[in-house]
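Numbering (UniProt numbering), first residue to last: 1 to 666. The beta carbon of each residue, even a glycine, is placed where N, CA and C say it ideally should be. Keep in mind it's a predicted model, so treat the numbers as computed, not measured.
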């Protein structure tokens with residue numbers, strides 16, 4: 001749970017002590033509220049309440065040598081591993097703290113810190129204000145300023161940023177007797193506040209809009225302090241900001257407000273369960289602290305002013321901040337241990353950044369599946385409705401109706417081709433039937449299919465635009481940006497068979513109509529044979545009758561048939577009648593056969609049209625989105641496997657580093 005610390009009331013013995021101290025000229029006088037070293041000081045600080053969850057902090061190494069080696073080894077592995085997980089700043093990351101360059105700087109700095117001599121190392125306390133109204137500078141001023149110091153020192157402390165305006169940060173360290181601000185952004189003076197801690201300590205201030213390199217020092221700090229004004233920057237924004245090291249084991253969040261909720265830990269845990277339970281939360285009032293200092297400075301000899309200072313500074317709760325810093329620094333026995341602990345903390349934070357990056361990558365994989373499935377749902381919807389729109393519902397078969405309507409029109413022409421009309425129109429049978437078929441064969445259906453071809457062409461363009469919009473979401477350096485996939489889709493679009501034409505759906509109509517050409521030609525040849533057969537039988541009958549008549553008259557002489565005229569006439573008429581009857585039957589059978597071919601062609605037309613529609617939809621209308629979805633899903637599958645492998649490597653390095661905190665592995 002985040003802990004809220006408070007400060008005890010000041011001792012009543014401060015009055016005469018301050019009066020005696022008022023006449024001492026030492027600039028480096030340790031003001032009572034600065035720490036517990038001065039036994040008589042009424043501002044001695046009681047250590048802040050300990051975190052309720054010490055297990056969330058990186059382990060304090062007991063064997064510095066072995067922990068030092070293990071930390072160096074893991075740092076080396078992590079530096080080479082991070083580029084495989086974290087994005088680069090050139091990729092347009094939202095936060096610098098999410099980039100691989102940011103964490104490489106931190107981990108390399110941790111390597112240098114582990115390799116430098118302990119004599120050259122210090123404990124770093126870094127203060128960052130979330131906005132220009134956070135009051136972070138006022139808090140630092142109240143901590144560093146000593147009421148009985150010289151006016152020049154007070155001015156140097158209060159106006160420290162005027163000299164270092166262009167510096168990315170301001171470092172305050174214990175140094176010369178006279179305050180001195182260097183061009184590099186370093187303020188050096190004899191600060192008793194910096195001297196009260198168990199380890200050599202320096203304080204660094206960051207501007208409210210720090211550069212990436214300056215923000216690195218906040219994450220690399222041994223004690224990062226984040227100051228916010230909840231009126232200007234809501235706590236919900238602060239607590240959910242991944243660019244702040246709130247999960248640092250020694251992080252302190254100062255809410256610069258005159259009042260704060262007593263149950264803040266439970267509130268923060270309820271609304272921000274992912275927040276580190278080791279976070280120390282303090283409520284402070286920087287204005288009240290500065291007013292208390294100004295009150296005492298105006299008349300140090302006044303007992304009333306002393307009491308006002310005592311009450312005001314205590315109520316500002318800044319002594320609790322000093323106590324919290326002292327407690328966190330005293331948790332380690334040496335600077336070497338602190339450096340190892342800091343390295344482990346940075347490793348923990350970098351692994352957390354890796355987990356967040358892998359979560360983002362997993363969410364991107366999920367988004368690919370969601371977007372692909374959404375596009376496939378549109379494709380499935382088109383396939384489900386296009387058949388009904390083109391061919392009608394189950395009760396209204398458009399193709400069957402068109403074929404039946406054409407049959408009625410052609411039947412009129414076929415009925416006119418009676419057997420007796422064949423005698424003078426026998427050579428026109430194929431022409432007449434073909435003209436009737438061409439004029440009546442599914443004309444309305446063909447017009448409707450041309451209309452639907454235009455609609456499908458519009459759908460094809462819409463799907464192509466949707467596919468392009470989908471692919472545009474995954475630009476470089478996204479792992480789903482695939483030039484191979486884009487080239488495949490470009491080849492599909494540039495294919496000569498890709499665009500839809502008016503004849504895209506009507507081809508089966510023409511093909512099936514052409515299939516009637518052979519039955520029509522067969523009918524034509526049958527008509528010719530029928531005509532010849534009928535004509536031959538009639539002429540033969542007439543010849544027999546004439547032969548009987550000629551034999552009766554003796555015209556044929558000995559060649560006469562010897563048949564009576566009546567018999568010859570009867571035989572001739574019978575032969576002619578048989579020939580005509582044969583011709584009529586032959587012609588009717590030929591027409592019935594032709595109608596059977598018509599029915600066969602008509603039944604196959606619907607099957608061909610549906611197959612053509614499915615082929616056009618699959619190979620032309622939705623070919624681009626289907627291939628895009630398939631390609632993206634294949635990339636997503638490979639990316640998911642890669643994420644699982646990377647996550648497993650992070651877990652292994654966490655185990656090797658000895659970090660005990662259980663990160664969120666979901």
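Whole-angstrom distance between residue j and residue i, CA atom to CA atom
i: residue 283; j: residue 66; result: 39 Å
i: residue 202; j: residue 192; result: 12 Å
i: residue 426; j: residue 511; result: 27 Å
i: residue 371; j: residue 231; result: 40 Å
i: residue 441; j: residue 637; result: 51 Å
i: residue 140; j: residue 88; result: 34 Å
i: residue 324; j: residue 366; result: 43 Å
i: residue 85; j: residue 500; result: 45 Å
i: residue 93; j: residue 216; result: 16 Å
i: residue 39; j: residue 249; result: Note that residue 39 scores a pLDDT of 28, beneath 50, so its modelled location is shaky and nothing firm can be said.
i: residue 218; j: residue 476; result: 31 Å
i: residue 516; j: residue 386; result: 29 Å
i: residue 208; j: residue 255; result: 15 Å
i: residue 650; j: residue 76; result: 14 Å
i: residue 300; j: residue 73; result: 56 Å
i: residue 657; j: residue 482; result: 36 Å
i: residue 244; j: residue 134; result: 15 Å
i: residue 220; j: residue 146; result: 29 Å
i: residue 486; j: residue 613; result: 26 Å
i: residue 532; j: residue 574; result: 17 Å
i: residue 605; j: residue 479; result: 47 Å
i: residue 56; j: residue 111; result: Per-residue confidence for residue 56 stands at a pLDDT of 45, beneath the threshold of 50, marking its modelled position as unreliable; no derived number is given.
i: residue 609; j: residue 384; result: 16 Å
i: residue 520; j: residue 594; result: 7 Å
i: residue 35; j: residue 122; result: Per-residue confidence for residue 35 stands at a pLDDT of 34, beneath the threshold of 50, marking its modelled position as unreliable; no derived number is given.
i: residue 124; j: residue 150; result: 27 Å
i: residue 128; j: residue 169; result: 10 Å
i: residue 109; j: residue 90; result: 22 Å
i: residue 719; j: residue 152; result: Nothing in the structure corresponds to residue 719, since the chain is present only between 1 and 666.
i: residue 42; j: residue 296; result: With a pLDDT of only 30 at residue 42, under the threshold of 50, the placement of this residue in the model should not be trusted, and no figure is reported.
i: residue 302; j: residue 313; result: 16 Å
i: residue 645; j: residue 626; result: 29 Å
i: residue 305; j: residue 298; result: 8 Å
Given residue i as reference, the closest of the options once Cα atoms are compared
i: residue 166; options: 214, 173 and 330; result: 214
i: residue 376; options: 365, 633 and 332; result: 633
i: residue 155; options: 189, 122 and 127; result: 189
i: residue 118; options: 195, 653 and 68; result: 68
i: residue 469; options: 403, 410, 624 and 447; result: 624
i: residue 518; options: 653, 598, 280 and 504; result: 598
i: residue 618; options: 460, 297 and 90; result: 460
i: residue 415; options: 432, 96, 401 and 386; result: 432
i: residue 528; options: 421, 467 and 608; result: 421
i: residue 279; options: 291, 303, 251 and 298; result: 251
i: residue 640; options: 369, 605 and 455; result: 369
i: residue 509; options: 438, 316, 457 and 521; result: 438
i: residue 199; options: 332, 225 and 83; result: 332
i: residue 132; options: 205, 98, 648 and 448; result: 205
i: residue 655; options: 186, 351, 174 and 379; result: 351
i: residue 315; options: 411, 340, 257 and 79; result: 257
i: residue 285; options: 311, 304, 298 and 616; result: 311
i: residue 157; options: 168, 130 and 187; result: 187
i: residue 328; options: 317, 417 and 223; result: 223
i: residue 643; options: 424, 148, 363 and 322; result: 363
For residue i: DSSP bridge partner residues
i: residue 256; result: 284
i: residue 204; result: 126 and 171
i: residue 622; result: Paired residues: none, contrary to the question.
i: residue 480; result: Per DSSP, none; premise fails for residue 480.
i: residue 144; result: Note: residue 144 sits in no beta bridge, so no partner.
i: residue 226; result: 128 and 253
Minimum Cβ-Cβ distance from residue i to chain B less than 9 Å
i: residue 603; result: The chain labelled as chain B is not found in the depicted structure, where only one protein chain is given.
Contact between the stretch 399-418 and the stretch 440-457 is defined here as three or more beta-carbon pairs at a separation below 8 Å; is this criterion met? yes
Should the stretch 351-361 be regarded as contacting the stretch 130-148, the criterion being three or more beta carbon pairs within less than 8 Å? no
Continuous beta strand (DSSP E) assignments of at least 3 residues falling wholly in the stretch 419-443: none
Mind pulling the alpha helix (DSSP H) runs of 4 or more residues that sit fully within the stretch 368-415? none
Would the stretch 446-461 and the stretch 489-508 be scored as touching if the rule is three or more Cβ pairs under 8 Å? yes
Ordered list of beta strand (DSSP E) runs contained in the stretch 77-105, each at least 3 residues: none
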